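Each remark here refers to the structure printed beneath this line.
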Amino acid sequence: DAMVIQNPRYQVTQFGKPVTLSCSQTLNHNVMYWYQQKSSQAPKLLFHYYDKDFNNEADTPDNFQSRRPNTSFCFLDIRSPGLGDAAMYLCATSRNLAGGIDTQYFGPGTRLTVL
Amino acid sequence: AQSVAQPEDQVNVAEGNPLTVKCTYSVSGNPYLFWYVQYPNRGLQFLLKYITGDNLVKGSYGFEAEFNKSQTSFHLKKPSALVSDSALYFCAVSAASGGSYIPTFGRGTSLIVHP
């Protein structure tokens, strides 16, 4: 089945130790997103790729970086995780419609714990 | 800037009764409207969308929503609630033109269906 896959599902890291979360998709969608979600709140967009174009949200900390080496894969790098970065990280994909965005397909998420 | 309001943090309904989860939006231009559901420790799952056409949209698991342009609303409804419908529901809007193609999410509504 076509889907969005995130690895790992659970990640434990130490304060200040870099961590990388991965996302892959078999949907061949041109738009990919990374969201941070805390405590049943609305997902907060960190950045997105529209094809190869990287778009950073204005309030995304510099501590967060992303890479998209090809259409299928996208990575979220947290350079120096702090306790406040503990959250669920969601990857999503979509295709664009005429001027807009179609349905987003979400991965199962990676729950990050920072000790 | 576009926005979504979900005025209720929580909706309680008895199993078998109809349910409504409210959503209103503000956007420049024509809206694309979506409902997603999230179960604990999972990613968001698509329920239904309005892009164009009939104002009444039918989606997964017996849910439906009505696009009301004059009231800028897109309330989610189901004629008969199930305990298994208990989850977190998010409304989202993106703009077909004149606004942001990136979806904006509401803060979410927790639906609790009592046996």
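Those protein sequences? They're chains A and B, same order as listed. So in the numbering used here, the last spot in the first sequence is 677, and the numbers never skip. So in the numbering used here, the last spot in the second sequence is 459, and the numbers never skip. Where a beta carbon is used, it is the ideal one built from N, C-alpha and C, also for glycine. The structure displayed is predicted, hence computed values, not measured ones.
Within chain A, the residues that residue i reaches when beta carbons sit closer than 9 Å
i	result
Asn-385 of chain B	Arg-571, Met-650, Pro-670, Gly-671, Arg-673
Gly-397 of chain B	Simply none; closest approach about 13 Å.
DSSP beta-bridge partners of residue i
i	result
Asn-525 of chain A	What the structure shows of chain A is the stretch from 563 to 677, and residue 525 of chain A is not part of that stretch, so it cannot be assessed.
Pro-375 of chain B	B:Ala-439
Asp-687 of chain A	Since the first and last residues shown for chain A are 563 and 677, residue 687 of chain A lies out of range.
Asn-658 of chain A	A:Ile-663
Ser-417 of chain B	B:Thr-368, B:Asn-412
Asn-569 of chain A	A:Ser-584
Proximal residues of chain A, C-beta to C-beta of residue i below 7 Å
i	result
Phe-460 of chain B	Only positions 345 to 459 of chain B appear in this structure, which leaves residue 460 of chain B out of reach.
Where residue i meets chain A, residues with beta-carbon distance less than 8 Å
i	result
Tyr-405 of chain B	What Tyr-405 of chain B touches in chain A: nothing, since even the nearest Cβ is about 16 Å away.
Phe-411 of chain B	By Cβ distance, chain A contributes nothing, its closest Cβ being about 15 Å from Phe-411 of chain B, past 8 Å.
Gly-452 of chain B	Ser-602, Gln-603, Ala-604
Ser-438 of chain B	Gly-662, Ile-663
Contacts of residue i in chain B (Cβ-Cβ under 8 Å)
i	result
Asn-658 of chain A	Tyr-445
Thr-665 of chain A	Phe-378, Phe-390, Lys-393
Gly-644 of chain A	Going along chain B, no residue has its Cβ under 8 Å from Gly-644 of chain A, so there is no contact; the nearest lies around 22 Å.
Leu-607 of chain A	Ile-446
The beta strand (DSSP E) enclosing residue i, as first and last residue numbers
i	result
Phe-390 of chain B	388–394
Ala-358 of chain B	354–358
Tyr-597 of chain A	593–599
Val-479 of chain B	This structure leaves residue 479 of chain B out entirely; chain B is present only between 345 and 459.
Leu-645 of chain A	Counting along the chain, Leu-645 of chain A falls outside any beta strand (DSSP E), and DSSP gives it neither H nor E.
Arg-673 of chain A	672–676
Leu-400 of chain B	400–402
Ala-604 of chain A	Here Ala-604 of chain A belongs to no beta strand (DSSP E), and DSSP marks it neither H nor E.
Amino acids of chain B, ordered along the chain, whose beta-carbon sits closer than 9 Å to that of residue i
i	result
His-610 of chain A	Ile-446
Leu-638 of chain A	Chain B residues near Leu-638 of chain A: none, gap ~14 Å exceeds 9 Å.
Rounded Cβ spacing between residue i and residue j (contact assumed at less than 8 Å)
i	j	result
Glu-613 of chain A	Gln-627 of chain A	Correcting the residue identity first, residue 613 of chain A is Asp in this sequence and not Glu. At roughly 19 Å, the Cβ-Cβ gap does not stay under 8 Å, so Asp-613 of chain A and Gln-627 of chain A are not in contact.
Thr-453 of chain B	Gln-382 of chain B	Actually they are not in contact, since the Cβ atoms of Thr-453 of chain B and Gln-382 of chain B sit about 11 Å apart, beyond 8 Å.
Ser-642 of chain A	Asn-618 of chain A	Not confirmed; about 18 Å, so no contact.
The region 581–599 of chain A in contact with the region 563–572 of chain A per 3-pair CB rule at 8 Å:
Yes: the two stretches touch, three or more of their Cβ pairs being nearer than 8 Å.
Pairs of beta-carbons, one from the region 426–438 of chain B and one from the region 364–382 of chain B, closer than 8 Å: are there three or more?
yes
### Message
Taking contact to mean 3 or more Cβ pairs, one atom from each stretch, closer than 8 Å, check whether the region 389–408 of chain B and the region 443–452 of chain B are in contact.
### Response
No, they do not touch.
Original post:
Are there three or more Cβ pairs, one per stretch, closer than 8 Å when the region 586–602 of chain A is compared with the region 361–369 of chain B?
Top reply: no
ask   = Touching or not, the region 669–677 of chain A and the region 643–658 of chain A, by the rule of three or more beta carbon pairs under 8 Å?
value = yes
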